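Residue numbers (full-length UniProt numbering): 1 to 251.
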Ligand code: NDP
């Protein structure tokens, strides 16, 4: 139904694990040339090797989204390795669960630096290459927590995830003249290494409360991201898709 994304160059931040790896898998299966970035090079390389074995074109590069120079180097690597850059999936994020009274400045700052400032730095670093593409796509992994609901222990996280949408709603206006669209996927509870860190009680309680009675799969987020990347979505910008198994039905 959708035209091919074959040979499009994609950079996925936080692509070594979890949702980012799922996004990378879906884009690789669609024929894209994918670069996954993360801080731990070995893990990223292992993920790239696994996805390449399954038939994709996937490379890895060590980069920290909180460091602009590091993200510039990642964007340059994507251009050198894959001949350009068409799509940025700004996905890297952390979600330590801490209530306000126990929260340290350090936890607040690292969460904001990674999730919110990291989105800005990733976009800024990739922008020159996305402009050259002529039909660039920026797809942000936000969350239902923050933009549409709350969850105890996640004031800092929710603030960053809502902040990403504030960023998106102005970035889409600024970048439209370059043919770049900016959209966001809002996952619910997705089975990832990061979510597993919250413990089996959290996962089981959540799965029981979701109308579709399971946690999401990482590829569920990948397919939503893939839609925003298609040529057919060229007129869709500044928008969100909630992928949460029906957990939150906004009014
Ligand atoms: P995981 O912890 O499973 O994976 C996180 C990824 O981000 C890893 O590849 C990690 O690699 C990378 N990462 C973390 N910090 C940095 C950094 N400073 N620079 C570069 N890469 C970094 O997380 P999830 O897959 O669960 O989450 C991914 C995104 O999805 C996040 O933005 C999260 O907020 C969002 N999300 C997740 C939900 C879920 O239920 N899982 C629900 C809603 C949203 P490394 O440590 O090597 O850097």
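Ideal placement from N, C-alpha and C gives every residue a C-beta, glycine not left out. All figures in this text were calculated on a predicted structure; none of them were measured in a lab.
| query | result |
| --- | --- |
| Closer than 8 Å: residue 157 CB and nearest ligand 1 heavy atom | yes |
| Assigned exposure category for residue 1 - 16 Cβ within 10 Å defines buried | exposed |
| Residue 161 classed as buried or exposed, judged by whether at least 16 other C-beta atoms fall within 10 angstroms | buried |
| CB contact flag (residue 192, residue 17, <9 Å) | yes |
| Assigned exposure category for residue 40 - 16 Cβ within 10 Å defines buried | exposed |
| Closest Cα partner of residue 195 within the set 97, 4, 55 and 48 | 97 |
| As assigned by DSSP and simplified to three states, the class of residue 216 | strand |
| 9 Å Cβ cutoff met for residue 60 and residue 13 | no |
| Residue environment, residue 99, which counts as buried when at least 16 other CB atoms sit within 10 Å | exposed |
| Anticipated Cβ contact below 8 Å, residue 76 with residue 136, distance rounded | Not quite, the Cβ-Cβ distance comes to about 16 Å (not below 8 Å), so this is no contact. |
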